[in-house]
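What follows is one structure encoded as structure tokens, with my remarks underneath.
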Amino acid sequence: TVEQEPLSHTGGQPKTVIHMTGNPFRVALMTLVRGVQSRDFLLLCGSFFICGATTTGLVGTHLIPMSHEHGIPEVTAANMLALIGIFDLFGTMASGWLSDRYNNRWLLFWYYGLRGLSLIFLPYAYGTGLFGLGLFVVFYGLDWVATVPPTVRLAADLFGKRNVGTVYAWIFAAHQLGAATAAFGAGALRTWLGDYQVSFMLAGGLALLAAGMVLRIGHDPHGDFLAVQPADTAISAAD
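For what it's worth, my numbering labels the leading residue of the sequence shown as 1, then goes sequentially.
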């Protein structure tokens, strides 16, 4: 479809904007096909794959059994997970505020970097008693979903606000794929090696990798790349 933005939005003559319309399944698939041709889209998907692997997939699934192996009762370990969720509420709200005011790439760099260090620290925290575990719960909890606001903001800035719903849906699909991979992979490594230490150390390393990936995300918008219809369709609509 062809639309004209109001004069107040463009400061002059109305601006013609062409948006992809039609079958929603086709639109979603075309967004993916065009998105994978963009390095920025792949970096967002890759970093969010790691986000899912290092949160829902690893900690959400394996924190309780790992804690139980270190002599912590399951109910106490579940309370730790609940406290992580409470700190997550504050961390996510603060992240939303920060993402409107600061460079979202650097925010993600710090979020993934601190998460990676927290995961590497956790296997050793069990030997430090309440202080070490409490430190992990606070820092990791503040970071749990803090990555979402800057990721959504970057998707909107790079691919356009009208495309952000579909683009972020694919980015979040990568997140869930990462979660599933880590949930299975950490369990498989636990069965093979006899403990969770390697799984959490690897996850920490992946989070540090994600911290480097997000700094490579570009600044040039790709909105037209995703939204413009084929030329013949656009001409037909304009007529």
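Just so you know, even glycine gets a beta-carbon here, dropped at the ideal spot from N, CA and C.
Task: Extent of the continuous alpha helix (DSSP H) to which Thr166 belongs - done: Where Thr166 is concerned, the enclosing alpha helix (DSSP H) stretches over 164-193.
Task: Cutoff 7 Å; reference Ala211; Cβ partners in own chain excluding five residues on either side - done: Excluding the 5 residues flanking it on each side, Ala211 has same chain C-beta neighbours closer than 7 Å at Phe109, Tyr112, Gly113, Gly116, in chain order.
Task: 4-residue-minimum alpha helix (DSSP H) runs that sit fully inside the segment 24-73, ordered along the chain - done: Listed in chain order, the alpha helix (DSSP H) runs fully inside the segment 24-73 are 24-35, 39-52, 59-69, counting runs of at least 4 residues.
- [ ] Confirm, please, whether the CB-CB distance from Ala183 to Thr92 is below 8 Å.
- [x] Cβ atoms of Thr92 and Ala183: not closer than 8 Å.
Task: Spatial distance of Ala155 from Ala188 (CA atoms) - done: Note on geometry: alpha-carbon atoms of Ala155 and Ala188 lie some 34 Å from one another.
TODO: For Tyr126, name the three-state secondary structure that DSSP assigns.
DONE: Reduced to three states, the DSSP call for Tyr126 is coil.
Open item on the list: Tell me whether the segment 40-57 and the segment 165-175 touch, counting them as touching only if at least three CB pairs, one residue from each stretch, are closer than 8 Å.
Closed with: A contact exists between the segment 40-57 and the segment 165-175.
Task: Three-way DSSP call (helix, strand, coil) for Leu107 in this model - done: Here DSSP, grouped into helix, strand and coil, assigns Leu107 to helix.
TODO: Would you please state the rounded distance, in angstroms, between the beta carbons of Met80 and Leu63? I believe it to be under 8 Å.
DONE: So it is a contact: roughly 7 Å between Cβ atoms.
TODO: In the DSSP assignment, find the unbroken alpha helix (DSSP H) run with Ala203 in it and report its ends.
DONE: Its alpha helix (DSSP H) spans residues 197-214.
Task: Exposure of Trp97, with buried meaning 16 or more beta-carbon neighbours within 10 Å - done: Under this definition Trp97 is an exposed residue.
- [ ] Tell whether a beta-carbon distance below 8 Å holds between Ile171 and Val137.
- [x] If you check the CB distance, Ile171 and Val137 do not come in under 8 Å.
Open item on the list: Closest to Phe90 by C-alpha separation, out of Trp144, Ala125, Thr54, would be which residue?
Closed with: It is Trp144 whose Cα lies nearest to the Cα of Phe90.
TODO: Determine, using beta carbons only, whether Arg39 and Asn104 come nearer to each other than 8 Å.
DONE: It is not a contact, given that the beta carbons lie outside the stated cut-off.
Task: Gly218 versus Trp106, Ala173, Tyr126, Leu177, residue with shortest Cα-Cα distance - done: The residue from Trp106, Ala173, Tyr126, Leu177 with its alpha-carbon nearest to that of Gly218 is Trp106.
- [ ] Kindly indicate which residue of Val198, Ala174, Leu122 has the alpha-carbon position closest to the one of Leu32.
- [x] Minimum Cα distance to Leu32 is reached at Ala174.
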